[in-house]
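**Q**
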Amino acid sequence: MSTHLQVSQGDRHRTPLMSVAGYAAMIVVVLVIAVPLFWILITSFKERQDIYVRPAQYWPSPATTDNYRDTVTSIPFPAYFRNSLIITALLAAAKITLGVLSAYALSLLRFPGRNLVFLVVIAALMVPNQITVISNYALIAQLGWRNTFQGIVIPLAGVAFGTFLMRNQFLSLPGEIIEAARLDGAGPMKLLWRVVMPMSWPTLVAFSLITVVNEWNEYLWPFLMSDNEKTAPLQVGLTLLQNNEGGNNWGPVMAGTVLTVLPILILFLFLQRQMIKGLTAGAVKS
Amino acid sequence: MNDLTRRGFLGLAGAAGVAAGLAACAGSGSSPTSSAGGGGPIQFWSNHPGTSKDTETKIIEAFQKANPGFTVSLIDGGKNYEEVAQKFNAALAGGQLPDVIVASDVTWFNFALNKQLAPLDDLLAAAGLKTDDYVDALYNDYTFNGKHYALPFARSTPLFYYNKAIWSAAGLPDRGPATWAEFKEWAPKLAAVVGADKVPLQMADGSNYLDWYFQNMAWSMGGQLSKEWTATASDPKTVAAGTFLQELAKNKWVKFSKSPDAEFSAGIAACALQSTGTLGGITKNAKFDFGTAFLPGDGACPTGGAGVAIPAGLSDERKKNAVKFIEYLTNVESTVTFTQATGYMPVRKSALNNDAEKAFLEKNPRAKVAVQQLAKTRSQDNARVLVPGGGARIGKALDQIVQGQDVATVFAALDKETQAAIDSQIKPKL
């Protein structure tokens, strides 16, 4: 997608200086993003004594997979991983469903007080998570929901961001198509599934991806809610590998980080293709 | 109120009921049911200091074996002391209190000040448990208004680490400097040996507990950050210590970083001040031979680390069980097991007569130095550990000094801030 754009524009007015600057900028950006990731990756394969050395080792020698074995065996890694999957799946499903339905209602259905409801939802977006933590904690603790998945998931399932994003997407759709569908006798649900959603895939995929990444990395709330590996996600589990008074053994920490990033990376690669497909499909249609 | 009708009364009662229900929904806290009652497992919230989860589990198993009928569940309280405090704060608001928490040298006092921790003296006396075997400086760290609010558990002190190869290349004796003045004499020799891209001494920066290590420098020169509840950083002797630190920095004899153990293990720094809790890590990370020594200055070593405390809101039954557990957790056998696995300090005087400990120290001369230094420790200044935000405030001031700002001015401003915090937040509650 982006390469297409560059080529078509560049053919017309690209000076050698500009293209050199462009490539230089591109390389800088790639380095800024890639070097820390590269460092995490090679550190996860280093032996402990090779981590802090000068001159630095740019390639692990000798390479070892001990760090990965340590990570998986020294903490109940599979349990944390399972919890992360459960929490992320439940939260993403809840947020996407709620986000799409509420945005649909707030953009394309007509009912009194619609704008007021939207304002309240947006106001909720402005309240930082950390502020509601104490009162949420009290509520959940009194319900006896600590150390349960519903205790972790339900307070986080509110979706002001999704509502906002999807509503704007729905409002940007051409009114004629919606009108035509209504004239053809499509009910509200049919309109949503057959007309509105197919035209909104790219936004929905982007929204889903952001949601999944956010929920996967959620730390504070699951940490407060869970006491052990029965419900705690991977992010909480990984802290067990750290030593709080310095002298960290970074190998296993980095190995754990790599293992935590992998699922999201795979999901990203897969969804990115969908996202591009959706974008081009939309472009052709309009 | 005489003409209150039956219907009116019912209406009011209903409204009150709804209001109460709503209040409960809003999570207003204060749920007495959750803190009352005995029985159930003892909930121990720990951040597993020094990656000690397995060791803690081992001690808990031994406790359960020695005390049939008791169960302890070990709960992940977070990655550091601050996170345990945060989780405990949430529990204080929301109910479901733990029975035992790990409280660090800087987090316990605020809870004690707000009457959220139980004073232990009576509980220990009622259980017939003695405290005179605890290392005095460590036990007395938790004193407030004449009562103790925690038992020492994962306690550490700073330690002087030095690279033996660089030491002998510089022609220095195989020991740490006896005073900071002696270090200043050594510094040019070390600088000449290590060259321009390395550094004689590495210390933590202001956001990573430089304030902890600086107490040693201040005390060894006769100064201190506070005397009881009076801020004394602008005392001429403390200012002299600040000026000394500034001079070291100006001559490039000291550099500051997030984790000095990294630079030291990489051989970039000839020596470093670091926690005893890092000894295990440095031993495994460093590829060269290194030594440990007492901090410069006699009897000027601050204590640090964490203790275990009991929330005040528990039923008497739960407190009784909890005190039994924390005493066991810090008894001679447990402290020996725990400290050998982590590098923290034994908190009992008689631990040094324990056979397992004697054998261990014989084999680990570096750890032996750390343990011997315990006798020369001193409880920290209130300005750092007891005044809210103290550590961060002092750390910031030290950062400014190191960057070259005038020491007397910075410390005068620091004193003003510290004193304001004491007067507004602590004095009213004393």
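Chains A and B supply the protein sequences, listed in that same order.
Just so we're aligned, residue 1 is where the first sequence starts under my numbering, counting upward by one.
Just so we're aligned, residue 1001 is where the second sequence starts under my numbering, counting upward by one.
Backbone N, C-alpha and C define an ideal beta-carbon position, used for all residues, glycine too.
As the structure is a computational prediction, the values presented were derived from the model and not from experiment.
1) Counting only beta-carbon separations shorter than 8 Å, does B/N1285 have a partner in chain A?
2) Say whether the segment 61-71 of chain A touches the segment 202-222 of chain A, bearing in mind that this needs 3 or more beta-carbon pairs closer than 8 Å, one atom from each stretch.
3) Answer yes or no: the CB of B/T1335 versus the heavy atoms of the ligand PLP, is any distance below 7 Å?
4) Is there a Cβ of chain B sitting closer than 8 Å to that of A/I152, yes or no?
5) Report the residues of the segment 1060-1081 of chain B with a CB closer than 9 Å to any CB of chain A, ordered along the chain.
6) Identify each residue in the segment 203-236 of chain A for which the Cβ-Cβ distance to at least one residue of chain B is less than 9 Å, and report them in chain order.
7) Whose C-alpha, out of B/P1119, B/A1093, B/A1091, B/T1107, is nearest the C-alpha of B/A1322?
8) Under 8 Å between the Cβ atoms of B/Y1161 and B/C1301?
9) Tell me, please, which residues DSSP counts as bridged to B/A1383.
10) Going by CA-CA distance only, name the one from B/L1117, B/A1370, B/T1051, B/F1264 that's closest to B/M1203.
11) B/D1076 by DSSP, collapsed to three states: which one?
12) Report the three-state DSSP secondary structure of B/W1253 (helix, strand or coil).
13) Would A/A324 be called buried (16 or more neighbouring beta carbons within 10 Å of its own) or exposed?
14) Within the continuous beta strand (DSSP E) that includes B/R1155, where are the two ends?
15) Tell me which residue opens and which closes the alpha helix (DSSP H) that B/P1200 is part of.
16) For B/S1265, would you say it is in contact with chain A, using Cβ-to-Cβ distances shorter than 8 Å as the test?
17) Count the other CB atoms, across all protein chains shown, that sit within 10 Å of the CB of A/A63; report buried if there are 16 or more and exposed otherwise.
18) If we cut at 8 Å on Cβ distances, does A/Q57 have a partner in chain B?
19) Going by the DSSP bridge assignment, what does B/P1302 pair with across the sheet?
20) What number of angstroms, rounded off, separates the C-alpha of B/A1309 from the C-alpha of B/L1074?
21) Along chain B, which residues have their Cβ under 8 Å away from the Cβ of A/I51?
22) Sort A/K190, A/L119, A/M189 by Cα distance to A/F164 and report the nearest one.
23) So which residues on chain B does A/Y133 lean against when the C-beta distance must stay under 8 Å?
24) Taking contact to mean at least 3 C-beta pairs separated by less than 8 Å, is the segment 1325-1338 of chain B in contact with the segment 1254-1263 of chain B?
25) Jot down the residue ranges of each uninterrupted alpha helix (DSSP H) in the segment 192-220 of chain A, minimum 4 residues, whole runs only, in chain order.
26) In chain order, what residues of the same chain have a beta carbon less than 6 Å from the beta carbon of A/A25, not counting five sequence neighbours either side?
27) Less than 8 Å between the C-beta atoms of B/W1229 and B/K1427, yes or no?
28) Which same chain residues end up closer than 7 Å to B/A1112 when comparing Cβ atoms and leaving out the 5 residues on each side of it in sequence?
29) Short check: CB of B/F1070 to CB of B/A1306, under 8 Å?
30) Going by alpha carbons, who is nearest to B/Q1086 out of B/N1285, B/V1106, B/V1072, B/N1067?
31) Would you say B/W1219 and B/G1297 are within 8 Å of each other, going by their C-beta atoms?
32) Rounded to a whole number of angstroms, what is the C-alpha to C-alpha distance between A/L240 and B/D1054?
33) Name, please, each residue of chain A whose Cβ falls closer than 7 Å to the Cβ of B/A1262.
34) Is it true that the CB of A/E215 sits closer than 8 Å to the CB of A/I33?
35) For the segment 148-189 of chain A, list the alpha helix (DSSP H) runs that are entirely contained and at least 4 residues long, ordered along the chain.
36) Which residues bound the alpha helix (DSSP H) around A/T132?
**A** Reading from the atomic positions:
1) Against chain A, the CB of B/N1285 has a partner CB under 8 Å away; the residue lies at that interface.
2) They do not touch, by the three-pair rule.
3) Ligands displayed in this structure: none; no statement on the ligand PLP is therefore possible.
4) Cβ-Cβ to chain B under 8 Å: no for A/I152.
5) For the segment 1060-1081 of chain B, which is checked against every Cβ of chain A, the residues closer than 9 Å are S1073, L1074, I1075, D1076, G1077, G1078, K1079, N1080, Y1081.
6) Cβ contacts with chain B: L220, F223, L224, S226, D227, N228, E229, A232, V236.
7) When each option's Cα is compared against that of B/A1322, the closest is B/P1119.
8) Not a contact, by the Cβ cut-off of 8 Å.
9) In the DSSP output, where bridge partners are listed per residue, B/A1383 has none listed.
10) When each option's Cα is compared against that of B/M1203, the closest is B/F1264.
11) Three-state result, B/D1076: strand.
12) B/W1253 falls in the coil class under three-state DSSP.
13) Outside the displayed range of chain A (1 to 286) lies residue 324 of chain A, so it cannot be described from this structure.
14) From DSSP, the beta strand (DSSP E) with B/R1155 extends over 1151-1156.
15) For B/P1200, no alpha helix (DSSP H) run applies; the uninterrupted beta strand (DSSP E) run containing it begins and ends at 1199-1204, by DSSP.
16) When Cβ-Cβ separations below 8 Å define contact, B/S1265 makes contact with chain A.
17) Label assigned to A/A63: exposed.
18) With 8 Å as the cut-off, A/Q57 does not count as an interface residue toward chain B.
19) Per DSSP, B/R1378.
20) Taking the straight line joining both Cα atoms gives about 15 Å.
21) Within chain B, the residues whose beta carbon sits less than 8 Å from that of A/I51 are N1285, listed in sequence order.
22) For A/F164, the nearest C-alpha among the options comes from A/L119.
23) In the sequence as displayed, the identity of residue 133 of chain A is Val instead of Tyr. Within 8 Å Cβ-Cβ: A1090.
24) The segment 1325-1338 of chain B, when compared against the segment 1254-1263 of chain B, does not touch it at the 8 Å Cβ threshold.
25) Restricting attention to alpha helix (DSSP H) runs no shorter than 4 residues, the segment 192-220 of chain A encloses them at 201-216, ordered along the chain.
26) Excluding sequence neighbours, A/A25 sits near nothing in its chain.
27) Yes, these two residues count as a Cβ contact at 8 Å.
28) Excluding residues within five positions, the ones whose Cβ falls inside 7 Å are F1144, Y1149.
29) Between B/F1070 and B/A1306, the CB-CB gap reaches or exceeds 8 Å.
30) Looking at B/N1285, B/V1106, B/V1072, B/N1067, the one whose alpha-carbon comes closest to that of B/Q1086 is B/V1106.
31) Annotated as proximal: B/W1219 and B/G1297, with beta-carbon spacing under 8 Å.
32) Here the alpha carbon of A/L240 sits roughly 11 Å from the alpha carbon of B/D1054.
33) In chain order: Y52.
34) No, these two residues do not count as a Cβ contact at 8 Å.
35) Entirely contained in the segment 148-189 of chain A, the alpha helix (DSSP H) runs reaching 4 residues are, in chain order, 149-153, 160-172, 175-183.
36) Taken as a continuous stretch (DSSP letters only), the alpha helix (DSSP H) holding A/T132 covers 129-143.
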